[in-house]
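Chemist: After the structure tokens below, expect a handful of questions from me.
Residue numbers (the numbering used here): 63 to 276.
So this is what it looks like as structure tokens:
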């Protein structure tokens, strides 16, 4: 008969796997994401010198359609947002499982753990909020087009300018999200590396699973 795994053994096995996954995430994935997002903001698709290209793609001649450049930017950014939310969940779960039971004494390490959990939840929620706003960008552009049909006497130049201004603002929001992702990753990375001992051993008598920070 197959031996039934106890609850304690089950939890210990999963905590070990989670610790290994969190260690790889912090030591390997976070630095890679930080470098990639920094490059995107400074000299990549989201750099300020791309504004002219955004405006140039605002209208396809007389045809009104989506801005192809912005569509590419959003498609590029969404996977980073999805990954970040997953990464926050992993770090939050890992740190939560390391929090010891409440008791008197030195709780500085516990406070550090709770701060990390809070930041992960807050950062993830903010990125989720930005993600949920993508449909409103199409709605906003559609309203501009509706105004064109409602006020046909307005000049073509005025309408073109309105579309360009809308698309430029959307681009700025996409760039802000890229910068926000960069900031969130580097902030979490910094907090975890600086406090890795307190996170993994919040009290002197704690006995937890560790990964070695840089």
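Virtual Cβ for every residue (Gly too), placed ideally from N, Cα, C.
Please check the pair residue 253 and residue 181, which I expect to be a contact at CB under 8 Å, by giving their CB distance rounded to whole angstroms.
Modeler: 7 Å
Chemist: Kindly identify the DSSP beta-bridge partner or partners of residue 257.
Modeler: In DSSP, residue 257 forms no bridge with anything.
Chemist: Quick check on the DSSP output: the alpha helix (DSSP H) that includes residue 159 runs from which residue to which?
Modeler: Residues 130-160.
Chemist: Are the CB atoms of residue 158 and residue 173 within a distance shorter than 9 Å?
Modeler: no
Chemist: Taking a contact to mean a Cβ-Cβ separation below 9 Å, would you say residue 128 touches residue 200 in this structure?
Modeler: yes
Chemist: Using the C-alpha atoms, what's the distance from residue 208 back to residue 251?
Modeler: Roughly 46 Å separates the two Cα atoms.
Chemist: Alpha carbons only, please: which of 206, 232, 261, 233 is nearest the one belonging to residue 220?
Modeler: When only C-alpha atoms are compared, the closest one is 206.
Chemist: Please specify which runs of the alpha helix (DSSP H), each continuous and at least 4 residues long, are wholly inside the segment 160-241, giving them in chain order.
Modeler: 170-194, 196-212
Chemist: Determine the DSSP secondary structure at residue 264, reduced to helix, strand or coil.
Modeler: Shown here, residue 264 sits in coil according to DSSP, grouped into three states, outside any helix or strand.
Chemist: Out of 113, 109, 150, 144, state which residue places its alpha-carbon closest to the alpha-carbon of residue 227.
Modeler: 113
Chemist: With contact counted as at least three CB pairs below 8 Å, one residue from each stretch, are the segment 93-108 and the segment 177-191 in contact?
Modeler: Contact annotation: the segment 93-108 does not touch the segment 177-191, with fewer than three C-beta pairs closer than 8 Å.
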